Amino acid sequence: MTDVLDELVGMSRELGSPQHDYAMLGEGNTSSRVDAESFWVKASGTQLAQADRASFVRVQTRPILEALERDTLDDAAIKDLLKTSTIEGGRAPSIETFLHALCLQIEGVNFVGHTHPTAAVGLLCSNNGRDLFAGSLFPDQIVVLGPAYAFVPYSDPGLALSMAVKHALDHFLKLHQREPKVLLMENHGIIALGHTAQEVLNITAMLVKTCRIITGTLAAGGPRFLSQAQVDRIDKRPDELARRKGFK
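Per the working numbering, residue 127 is the first one in the sequence shown, and the count goes up by one each step.
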């Protein structure tokens, strides 16, 4: 049986493949849950496209989550914390380790993929970025990505961004009574939350397709979102629920 690190390596290499244009050079980071106490996360300075087992470090979950309760650590303290929290692997964990620890606490989430797809970042860097993702455009978008996204205002990468992610997750849960599949990060990128590595790949691919469709609509008068009733129907149809399970 393939272990979780091998699955993470395969997922990371696929996300980093140049043909997809999801990330280049050292952009993006990924993680996978090991158990309640630890997780694998991409090491700082490594590249998704060239990922291997040595590209990841195993980190303790508790001290990383505890840092999110303080949110006052300076750069030196963050560097020390990441170092002392590492339990396997000879590299420094990604500065985004905090947001990965947070996302992996969501029930059912075992893999996280954070990428910077050109198609998505182009929209998220626009003046109307948030509004362009305010609704759903086509059925499979809803099936794979869910009926709505969590939106994260631009924040300094690292602890500050992780705090913004926490706020976005809390707000989304309160508003929708469910967890998101996607987080949209203003002027930055996207985060895909999956039960499996394949689900992260599916979510990322469908989100990028959605971004291309949104861009296409801008040349023809702008997006025409489905009504809330239409979205709810697709989201809850028995056949679509069965399809959704098959995509995990």
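All C-beta atoms in this analysis are idealised placements derived from N, C-alpha and C, irrespective of residue type, glycine included. For clarity, every value in this text was computed on a predicted model and none was experimentally measured.
With a cut-off of 8 angstroms on the beta carbons, I'd call residue i and residue j a contact; round off their distance for me.
{"i": "Leu309", "j": "Glu140", "result": "Going by Cβ atoms, the distance from Leu309 to Glu140 rounds to 20 angstroms, so no, they are not a contact pair."}
{"i": "Ala169", "j": "Ser220", "result": "7 angstroms"}
{"i": "Ile340", "j": "Leu258", "result": "5 angstroms"}
{"i": "Ala193", "j": "Leu285", "result": "7 angstroms"}
Buried or exposed: which applies to residue i, given that a residue is buried once 16 or more other Cβ atoms fall within 10 Å of its Cβ?
{"i": "Pro306", "result": "buried"}
{"i": "Cys337", "result": "buried"}
{"i": "Phe264", "result": "exposed"}
{"i": "Thr156", "result": "buried"}
{"i": "Lys371", "result": "exposed"}
{"i": "Ile198", "result": "Position check: residue 198 holds Thr in this sequence, whereas Ile was assumed. Exposed is the call here."}
{"i": "Arg179", "result": "exposed"}
{"i": "Pro364", "result": "exposed"}
{"i": "Ser377", "result": "Since the displayed the chain opens at 127 and closes at 374, residue 377 lies outside it and no answer follows."}
Sort out for me which residues DSSP pairs residue i with in a bridge.
{"i": "Pro219", "result": "Ala169"}
{"i": "Arg159", "result": "Phe165"}
{"i": "Ala318", "result": "Gly239 and Val308"}
{"i": "Val183", "result": "Val167"}
{"i": "Glu214", "result": "Arg184"}
{"i": "Val357", "result": "Note: Val357 sits in no beta bridge, so no partner."}
{"i": "Ala276", "result": "Leu309"}
Would you mind stating whether residue i and residue j have Cβ atoms separated by less than 8 angstroms?
{"i": "Lys374", "j": "Glu325", "result": "yes"}
{"i": "Met137", "j": "Gly239", "result": "yes"}
{"i": "Leu250", "j": "Ile329", "result": "no"}
{"i": "Ile213", "j": "Val185", "result": "yes"}
{"i": "Phe287", "j": "Leu225", "result": "Here the sequence assigns Leu to residue 287, which means Phe is not the residue at that position. Yes, these two residues count as a Cβ contact at 8 angstroms."}
{"i": "Leu134", "j": "Ile232", "result": "no"}
{"i": "Asn254", "j": "His321", "result": "no"}
{"i": "Phe351", "j": "Gly248", "result": "no"}
{"i": "Ile317", "j": "Pro243", "result": "no"}
{"i": "Ala331", "j": "Thr241", "result": "no"}
{"i": "Arg217", "j": "Val183", "result": "yes"}
{"i": "Thr172", "j": "Ala227", "result": "no"}
Using the C-alpha atoms, what's the distance from residue j back to residue i?
{"i": "Leu333", "j": "Val269", "result": "11 angstroms"}
{"i": "Cys229", "j": "Gly342", "result": "31 angstroms"}
{"i": "Leu131", "j": "Lys362", "result": "34 angstroms"}
{"i": "Glu163", "j": "Ala202", "result": "24 angstroms"}
{"i": "Leu191", "j": "Ala177", "result": "26 angstroms"}
{"i": "Arg359", "j": "Pro273", "result": "10 angstroms"}
{"i": "His293", "j": "Ala276", "result": "10 angstroms"}
{"i": "Leu344", "j": "Ser252", "result": "12 angstroms"}
{"i": "Phe298", "j": "Arg304", "result": "7 angstroms"}
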